[in-house]
Amino acid sequence: MLDQAATNPTARQALTAYLAGAGETTGWLLDAAHGVPPCARRLTLDAQQARDAVAGAATTAATETPATPLIIRDMLKRAGCRLTE
Numbered sequence: 244m245l246d247q248a249a250t251n252p253t254a255r256q257a258l259t260a261y262l263a264g265a266g267e268t269t270g271w272l273l274d275a276a277h278g279v280p281p282c283a284r285r286l287t288l289d290a291q292q293a294r295d296a297v298a299g300a301a302t303t304a305a306t307e308t309p310a311t312p313l314i315i316r317d318m319l320k321r322a323g324c325r326l327t328e
């Protein structure tokens, strides 16, 4: 989807829905778990940030690595979230 979104309207629509769902769900889970997100900055997510997260975190081929955990982990890190294990 990331590679095709620039030229394919269907891929762009699917990517937009996926990123919106991932971002909104992450924000909702933080709100539900802590009342107020424990983050220094607002959560942000766009296609370039998703691309960078997958490319930067994947040690194996990107097609073999689940993208969603990589993207969400990166989104939380960029927002300066303090999460406990």
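Oh and the sequence shown: position 36 is 279 in my numbering, straight run, nothing missing. From the three backbone atoms N, C-alpha and C, an ideal C-beta is built for every residue, glycine too. Here the structure is a predicted model, which is why all the values come from computation and not from measurement.
- Put simply, of Arg321, Gln292 and Gly323 the residue whose alpha carbon is nearest the alpha carbon of Ala310 is Gln292.
- Ranking Asp317, Leu272, Val297 and Leu319 by CA distance to the CA of Asp246 puts Val297 first.
- Judged by beta-carbon spacing, Ala322 lies within the 7 Å limit of Leu286, meaning their Cβ atoms are closer than that value.
- Counting other Cβ atoms within 10 Å of its Cβ, Gly264 stays below 16 and is therefore classed as exposed.
- By the CB criterion at 7 Å, Met244 and Ala254 fall inside the cutoff.
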